[in-house]
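S.K.: Residue numbers (full-length UniProt numbering): 1 to 460.
Okay, here's the thing in structure tokens:
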């Protein structure tokens, strides 16, 4: 038995047992980006009244300010795959940090709505790059046994940033809060210089020695990486011979399953209302008669223990069960909020409105943080082969951002028209996610990226 555990190159351990310090460091550096994104998403809710009063913004102008992040995200997502394939994962994250830093600076020194919008738009471009390159990088460096947990940790830091913004946003002025928002990007900008490039990207551009050096650094010097290195190189070589890496290759029939899964998950994720609820939580609670500061702070921090739970659930229970159960929870949460606003139309039930809305939003936040966001991000980062990862991954993130932009921009108008109606619409799409996962989405737990992608690719 010992002979099977020892490498022919010496006393080296199998890669599956490895969780090295460099891997943890690399994941932590990437998670600074997810913290920056959480700050960006959570910023607009607690500062709404302050910004509108100081700069004299109308509801339409503030809705544009909130939604323009998603427009920038769409543009960032459009170019994310191309940039990441051309210059690598690390340089793409460096560009992303510059976008966040310039965006926050524009908001800090804003004297009019235009500077706010420019800053938010730049942050959106950075976020569009982030949501493609960060999960991809984590998936490409992590061993299969802990890949789900590492990717879910990325989602956890988004919730942490979101919660922190809600907490300190009720205390700090909006310009000071923007100064806090810039910190994670500055930390990551420095940290990127101390982490390795993705070994799978290095294999794609033919740098074989660098592939081995990167993997050995990530796995630890006493770990045998020969089998993993060979699998990565063979997979990249076979995919390159199969079809090259042209942009339109992703629409080939053999990649149809992967593309449907990726695009479907991203669009349904946003159609369930997550970004709209995050961006305008304060106005939702005020409309229901709740204390906005108490409710938003509770909403932010109740997500953290459940997001932490999700880190372990993805590798323990699998992606599909977690995503289906969590989607059922968000469906229930949206339904309760819809019922709560429906109660306001009836005098004898109006006092129940605030309770239903608060409980519904908290149920939504708990289940979304526990599995929907993390599982969806993990699956999409795993399913595309290297030769279409840039184009297909970008398209999936574009769908995410474009759907988010539509939902976020339309939310305030729909909410004024029918508060209950908009949440019943979110209920429908959350329910649709359950059916989509049950019928279409494969399980990726415990498999290498190469195994997952081969099973989804039709080779005939």
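By construction, the Cβ of each residue, glycine as well, lies at the ideal position given by its N, Cα and C atoms.
A quick note: this is a predicted structure, and the numbers were derived from the prediction, not measured.
Under the assumption that residue 67 contacts residue 405 (Cβ atoms under 8 Å), give the Cβ distance between them as a whole number of angstroms.
M.R.: The count along the chain shown starts at 1 and reaches residue 67 at position 67. The count along the chain shown starts at 1 and reaches residue 405 at position 405. Correct: roughly 6 Å between the Cβ atoms.
S.K.: Under the three-state reduction of DSSP, which class applies to residue 19: helix, strand or coil?
M.R.: Translated into the one-based positions of the chain shown, residue 19 becomes position 19. Residue 19 falls in the coil class under three-state DSSP.
S.K.: Excluding the 5 residues flanking residue 140 on each side, which residues of the same chain have their C-beta closer than 8 Å to its C-beta?
M.R.: Numbered from its first residue, the chain shown carries residue 140 at position 140. Excluding positions up to five away in sequence, the list reads 89, 198, 199, 200, 201 and 449.
S.K.: Is residue 269 near residue 400, with beta carbons less than 8 Å apart?
M.R.: Start at 1 with the first residue of the chain shown, and residue 269 comes out as number 269. Start at 1 with the first residue of the chain shown, and residue 400 comes out as number 400. It is a contact, given that the beta carbons lie within the stated cut-off.
S.K.: In the segment 382 to 449, which residue ranges form an unbroken alpha helix (DSSP H) of at least 4 residues, counting only runs that do not cross its ends?
M.R.: 386 to 417 and 419 to 439
S.K.: Can you tell me which of the three DSSP states residue 290 falls into?
M.R.: If you number the chain shown from 1, residue 290 lands on position 290. If DSSP states are grouped into helix, strand and coil, residue 290 belongs with coil.
S.K.: Do residue 37 and residue 129 have their C-beta atoms within less than 8 Å of each other?
M.R.: Within the chain shown, numbered from 1, the residue matching residue 37 stands at position 37. Within the chain shown, numbered from 1, the residue matching residue 129 stands at position 129. Going by C-beta atoms, residue 37 is not nearer than 8 Å to residue 129.
S.K.: Apart from the five residues on each side of it in sequence, which residues of its chain come closer than 6 Å, Cβ to Cβ, to residue 301?
M.R.: Here residue 301 refers to the residue found at position 301 of the chain shown. Answer for residue 301: 163, listed in chain order.
S.K.: Quick one: Cα of residue 278 to Cα of residue 45, how far?
M.R.: The residue you call residue 278 lines up with position 278 of the chain shown. The residue you call residue 45 lines up with position 45 of the chain shown. The alpha-carbon atoms of residue 278 and residue 45 are separated by roughly 7 Å.
S.K.: Are three or more beta carbon pairs between the segment 159 to 178 and the segment 301 to 318 nearer than 8 Å?
M.R.: yes
S.K.: For the alpha helix (DSSP H) that residue 85 lies in, which residues bound it at each end?
M.R.: Stepping through the chain shown from its first residue, residue 85 is reached at position 85. Start and end: 59 to 87.
S.K.: Give me the residue from 363, 312 and 315 with the minimum Cα distance to residue 332.
M.R.: Numbered from 1 along the chain shown, position 332 holds the residue referred to as residue 332. Closest option to residue 332, Cα to Cα, is 363.
S.K.: Please identify the residue among 152, 119 and 20 whose C-alpha is closest to the C-alpha of residue 371.
M.R.: By 1-based counting over the chain shown, the position of residue 371 is 371. Closest by alpha carbon: 152.
S.K.: Please return the same chain residues whose Cβ sits closer than 7 Å to the Cβ of residue 50, not counting the five positions on each side in sequence.
M.R.: Locating residue 50 in the chain shown gives position 50, where the first residue counts as 1. If we look at residue 50 and ignore the five residues flanking it on each side, its Cβ neighbours are 173 and 174.
S.K.: Could you check if residue 346 is buried or exposed, using at least 16 other CB atoms within 10 Å of its CB as the buried criterion?
M.R.: By 1-based counting over the chain shown, the position of residue 346 is 346. Under this definition residue 346 is an exposed residue.
S.K.: Do the CB positions of residue 374 and residue 155 come within less than 8 Å of each other?
M.R.: Position 374 of the chain shown, counted from the first residue, corresponds to residue 374. Position 155 of the chain shown, counted from the first residue, corresponds to residue 155. Against a cut-off of 8 Å, the Cβ pair of residue 155 and residue 374 comes out as a contact.
S.K.: Could you tell me the alpha carbon to alpha carbon distance between residue 349 and residue 263, rounded to whole angstroms?
M.R.: Counting from 1 along the chain shown, the entry for residue 349 is found at position 349. Counting from 1 along the chain shown, the entry for residue 263 is found at position 263. C-alpha separation (whole angstroms): 41 Å.
S.K.: Could you tell me the alpha carbon to alpha carbon distance between residue 294 and residue 283, rounded to whole angstroms?
M.R.: For the purposes of this step, residue 294 is identified with residue 294 of the chain shown, where counting begins at 1. For the purposes of this step, residue 283 is identified with residue 283 of the chain shown, where counting begins at 1. Going from the Cα of residue 294 to the Cα of residue 283 covers about 13 Å.
S.K.: Using the C-alpha atoms, what's the distance from residue 359 back to residue 329?
M.R.: Reading the chain shown from its first residue, position 329 is the one you call residue 329. Reading the chain shown from its first residue, position 359 is the one you call residue 359. Distance between the alpha carbons of residue 329 and residue 359: 12 Å.
S.K.: Tell me whether the segment 17 to 35 and the segment 184 to 194 touch, counting them as touching only if at least three CB pairs, one residue from each stretch, are closer than 8 Å.
M.R.: yes
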